[in-house]
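Colleague: Got a structure for you, questions after.
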Amino acid sequence: MNNPSPEFLRQQQEASNEKTPPQRLAQLASISIELAQLVAQNPSAPGELLQELSAQEDAIICKNITANPNTPVEVLLELGAEFPEELFDNPIFPLLSLERPNWIDTIPFKTLVALLQCDQTRISFLKQVGNCASDRVRWQVAQHPKMPIAVLEVLSRDRALDVRCAVAINSKASVAILEELSRDRESQVRCAVASNKQTPIDILEELSRDRKRTVRRAIVGNPKIPSSILEQFARDRAWQVRCAVVENARTPISILQGLSSDSQWKVRHAVAQNRKTPSQVLADLLNDPEWQVRRVVAQNRKTSAKTLADLSDDPEWQVCCAVAEHQKTPSRILQKLSKARNSSIRRALAKNPQTPISVLEKLALDADEAVRQNVANNPKISSSILEKLSEDKAPYIRHVVAKNPNAPASMLEKLALDANEEVRWTVVNNPNAPVSVLEKLALDADEDIRVALMKNPKTPTSVLEKLAIDTDRDVRLTLAKNPNAPVSVLEKLALDADEDIRSTVSKNPNTPVSLLEKLAIDLDWRIRYGVAQNPQTPVSLLEQLAHRDTMIHEAVAQNPGTPISLLEQFAKDSEIKIRRAVAQNPGTPIALLAQLSRDRMVSIRCAVARNSRTPISALEQLVQDSESLVRCAVARNKNAPLPLLKKLTADSNSSVRERAEKNLRDISQSDNC
1 MNNPSPEFLR QQQEASNEKT PPQRLAQLAS ISIELAQLVA QNPSAPGELL QELSAQEDAI
61 ICKNITANPN TPVEVLLELG AEFPEELFDN PIFPLLSLER PNWIDTIPFK TLVALLQCDQ
121 TRISFLKQVG NCASDRVRWQ VAQHPKMPIA VLEVLSRDRA LDVRCAVAIN SKASVAILEE
181 LSRDRESQVR CAVASNKQTP IDILEELSRD RKRTVRRAIV GNPKIPSSIL EQFARDRAWQ
241 VRCAVVENAR TPISILQGLS SDSQWKVRHA VAQNRKTPSQ VLADLLNDPE WQVRRVVAQN
301 RKTSAKTLAD LSDDPEWQVC CAVAEHQKTP SRILQKLSKA RNSSIRRALA KNPQTPISVL
361 EKLALDADEA VRQNVANNPK ISSSILEKLS EDKAPYIRHV VAKNPNAPAS MLEKLALDAN
421 EEVRWTVVNN PNAPVSVLEK LALDADEDIR VALMKNPKTP TSVLEKLAID TDRDVRLTLA
481 KNPNAPVSVL EKLALDADED IRSTVSKNPN TPVSLLEKLA IDLDWRIRYG VAQNPQTPVS
541 LLEQLAHRDT MIHEAVAQNP GTPISLLEQF AKDSEIKIRR AVAQNPGTPI ALLAQLSRDR
601 MVSIRCAVAR NSRTPISALE QLVQDSESLV RCAVARNKNA PLPLLKKLTA DSNSSVRERA
661 EKNLRDISQS DNC
């Protein structure tokens, strides 16, 4: 087992030591990622070296560079887009405003946005950013929920329209700011004030007399709108405003009734579409001069059967289609509509689950293919109709029949010989397909059909054994993945010349121990790795693999069946991935998890924090970890105690807070079930 060598420990100390010469730090950073991470943290590392290391993709290196006060400013500001918290904490950051005039304008836009969204955003920084020359940046600032009123007051007089709009919609905007912006020369700004949920009623009342209909319409969408303004807007000169009144959930039925006779058809259309509109009002609209209004009357769930019957004689086919689809339409009307010349009406009728069987039988012979398709998909279809459609000339219709769970075995036998591959594939996936049909389809020329056979739990072993020597590699590979594959089939596949297939067999939980022992000495390391991963591999075989094969230590360390003695050795391994595998293992003892919770590597502490077996004492320690990734992992842990999760809801990092709150909600919901 590889414990950290004395040389490696010495190199770690050198990489962290502030007295290590720059040339030596560069050498150490080139040896390994772990040493480069420590060098990136060293405040004595030269700026040139830190700039060079920033090109690496390792997140921890870049994070450490962002926190390093020796990092060149340009690099610092670029990395701040990914690590805003580290940039804020860097002691050089507050000095930038003193050393560089107009320094805010030199920060990349992505970094500025990240800093503004960061929980550590300081009021002083917000004030500085509010003076940025970029309109886009000031627009971002104007939306910020922590923006001081004084800055919002300045931005409310900004030359840029979008900035003033952002201030107007900001929930932190004061009444004085909203009052000033309600008189803005641009209607978009006044619209934003009208939409703001914090806008006082007296300002809304003032805006209700605005000359622009867009402003008045925005008021209708505000949840604070008083009923007096709704009544006023029901008589507004602009039909768009009256439509908005109809669509408002708080609009009383009396106003809807009044607007049902509006001179503008689009307003009447909105009334007919509204689910609150009474059936009597809908009945009054059945003679509306506009067919679009009559159609939505026919679509409304509150429309009565009598009104639907009256609308079935409408001269416009779109209205009749809506009647044919409505589930309240009387049977006699549905029978009448089946004689309609317009195929769209018959298509709508064929979809309706309330359509009588006698009508569906007639429509199953319709000349229009789309009508027959809709019949085939109708949930009320009878076996006699299915029989007719199984011989339909259109392949898609036969496919729909083959998919139907009520299709009898005799019908599926016939469809298994269909010339269309899609139809035969659908037969394989039908739960009613008899074994005799599955046996025939095992010889099908289409590989997708043979692959589908393996996923059907009814496929007999004799068929699977034939497929184990199939000439198509994908067929054999799919079979090797099947957790229900019989032992006789797995034995055949274990002898396959293809390494991927043998590797898949080695991971299959149904593979017997005798076969795993043979695969454990396979020449290909991937097959041995699969054996080490298999939950059915016995302890004796895992021990053999661990001692003779260093390439697969990670897989052994992950296996829940690995003995404690091996896990203890792996927990001290110099390889990060092996220690991480132990930390992830659901079988790792509590004492080992507690030990690994103090590991120097963030990824390992994260793995411990996520493990459901981690003891409370270790989780309490990890909750105080300096890395937000670790705290976030604790917040995700379903077994974390409630007091710890509640503590994390007040964490400085927004991701940690969100995960903790979600976990608490999930736990609460599961307790209520």
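The sequence shown begins at 1 in the UniProt record's numbering and counts up one residue at a time. The beta-carbon is built from N, C-alpha and C at its ideal position, and this holds for glycine as well. Remember, it's a predicted structure, so these values are computed and weren't measured experimentally.
#1: Using a Cβ-Cβ cut-off of 8 Å (strictly less than) and excluding sequence neighbours within five positions of ASP135, which residues of its own chain qualify?
#2: Are PRO108 and LEU155 close, meaning C-beta to C-beta below 9 Å?
#3: Could you compute how far the alpha carbon of ALA237 sits from the alpha carbon of VAL215?
#4: Looking at chain D, is there any beta carbon in it that lies within less than 9 Å of the beta carbon of THR550?
#5: Determine the DSSP secondary structure at PRO84, reduced to helix, strand or coil.
#6: Where does PRO486 fall in DSSP's three states?
#7: What's the call for LEU95, buried or exposed, on a 16-neighbour Cβ count within 10 Å?
#8: Considering just the uninterrupted stretch of the alpha helix (DSSP H) at CYS191, what are its terminal residues?
#9: For SER304, I'd like the list of residues in its chain whose CB is within less than 6 Å of its CB, leaving aside the five on either flank, ordered along the chain.
#10: Under the rule that 16 or more other beta-carbon atoms within 10 Å means buried, what is ARG398, buried or exposed?
#11: Can you give me the start and stop residues for the alpha helix (DSSP H) that ALA244 sits inside?
#12: Span of the alpha helix (DSSP H) holding LYS351?
#13: Should ASN432 be counted as a contact of the ligand GTP given a C-beta to heavy atom distance under 8 Å?
#14: Using 9 Å as the threshold, is the C-beta distance between ALA435 and LEU415 below it?
#15: Using DSSP with H/G/I as helix, E/B as strand and the rest coil, what is SER617?
#16: Starting from the N-terminal side, write out each stretch of the beta strand (DSSP E) that is 3 residues or longer and does not extend beyond the stretch 412 to 478.
#17: Here's a check: name, in chain order, each residue in its chain whose Cβ is nearer than 8 Å to the Cβ of SER282, leaving out the five neighbours to either side.
#18: With distances taken from CA atoms, which of ILE578, ALA142, LEU453 is nearest ALA192?
#19: Tell me which residues share the same chain as ASN2 and place their Cβ nearer than 6 Å to its Cβ, disregarding the 5 neighbours each side in the sequence.
#20: Which residue's Cα is closest to the Cα of SER358: SER312, SER384, ILE345, THR251?
#21: Using the C-alpha atoms, what's the distance from SER208 back to ILE219?
#22: Go to GLY561, then tell me how far its alpha helix (DSSP H) extends in each direction, as first and last residue.
#23: Exposed or buried, which one is SER597 when buried takes at least 16 other CB atoms within 10 Å?
#24: Taking only the alpha-carbon atoms, compute the straight-line gap between VAL371 and GLN318 and give it to the nearest angstrom.
#25: Between the C-alpha atoms of PRO457 and ASN430, what's the straight-line distance to the nearest angstrom?
#26: Report the option in ARG190, LEU178, GLY221 whose CA atom is closest to the CA atom of PRO200.
#27: Whose CA, out of LEU230, SER263, TRP239, GLN240, lies closest to the CA of ILE253?
#28: Could you check which residue in ALA59, MET551, ILE169 has the C-alpha nearest to that of GLU86?
#29: Measuring only the C-alpha atoms, how far is SER227 from TRP265?
#30: Taking Cβ to Cβ, would you say residue 708 is nearer than 9 Å to SER312?
#31: Can you grab the Cα-Cα spacing for the pair THR478 / LEU495, in whole Å?
#32: Sorted by chain position, which residues of the same chain lie with C-beta nearer than 7 Å to GLU422's C-beta, five sequence neighbours on each side aside?
#33: Quick one: what does DSSP say HIS144 is sitting in, helix, strand or coil?
#34: Using only the alpha-carbon positions, how far apart do ARG636 and THR461 sit?
#35: Would you mind stating whether CYS165 and GLN198 have Cβ atoms separated by less than 9 Å?
Modeller: Taking the definition as stated:
#1: Once the five neighbours on either side are set aside, the close Cβ partners of ASP135 are ALA160, ASP162, VAL163.
#2: Contact flag unset, no.
#3: What sits at residue 237 in the sequence shown is Arg, not Ala. Taking the straight line from one Cα to the other gives about 13 Å.
#4: Absent from the structure: chain D. Only one protein chain is present.
#5: Residue state, collapsed to three classes: helix.
#6: In the structure shown, PRO486 sits in coil (DSSP, three-state: anything other than H, G, I, E or B).
#7: Around the CB of LEU95, fewer than 16 other CB atoms lie within 10 Å, so the residue is classed as exposed.
#8: For CYS191, the uninterrupted alpha helix (DSSP H) segment begins and ends at 187 to 195.
#9: Within the same chain, and ignoring the five residues on either side of SER304 in sequence, the residues whose Cβ sits closer than 6 Å to its Cβ are SER279.
#10: Residue environment for ARG398: buried (at least 16 other C-beta atoms within 10 angstroms of its C-beta).
#11: Going by DSSP, ALA244 is part of the alpha helix (DSSP H) stretching over 239 to 247.
#12: Residues 343 to 351.
#13: Annotation note on the ligand GTP: not contained in the displayed structure, which lists no ligands.
#14: Note that residue 435 is Val in the sequence shown here, rather than Ala. Contact: no.
#15: In the three-state scheme derived from DSSP, where H, G and I count as helix and E and B as strand, SER617 is classed as helix.
#16: The stretch 412 to 478 contains no whole beta strand (DSSP E) run of 3 or more residues.
#17: Reading the sequence as shown, one finds Leu at residue 282 and not Ser. Once the five neighbours on either side are set aside, the close Cβ partners of LEU282 are ALA272, VAL297, ASN300, LYS302, THR303, SER304, THR307.
#18: Ranking ILE578, ALA142, LEU453 by CA distance to the CA of ALA192 puts ALA142 first.
#19: Low local confidence applies: a pLDDT of 48 at ASN2 is under 50, so the model's placement there is unreliable, and no value is given.
#20: That would be SER384, whose Cα lies nearest to the Cα of SER358.
#21: Rounded to the nearest whole angstrom, the CA to CA distance from ILE219 to SER208 is 7 Å.
#22: GLY561 -> no alpha helix (DSSP H), and no H or E assigned at all.
#23: SER597 should be labelled buried.
#24: Distance between the alpha carbons of VAL371 and GLN318: 16 Å.
#25: It is roughly 11 Å from the alpha-carbon of PRO457 to the alpha-carbon of ASN430.
#26: Selected option, being the one with the closest Cα: LEU178.
#27: Checked all of LEU230, SER263, TRP239, GLN240; the closest Cα to ILE253 is LEU230.
#28: The candidate whose alpha carbon is nearest that of GLU86 is ALA59.
#29: Taking the Cα positions, SER227 is about 24 Å away from TRP265.
#30: The structure shown has nothing for residue 708, since the chain only spans 1 to 673.
#31: Per the coordinates, the alpha-carbon of THR478 lies some 16 Å from the alpha-carbon of LEU495.
#32: The residues PRO395, HIS399, in chain order, have a CB closer than 7 Å to that of GLU422 in the same chain once the five nearest residues on each side in sequence are set aside.
#33: DSSP places HIS144 in coil when its eight states are reduced to three.
#34: Going from the Cα of ARG636 to the Cα of THR461 covers about 43 Å.
#35: No, Cβ-Cβ distance for CYS165 and GLN198 is not below 9 Å.
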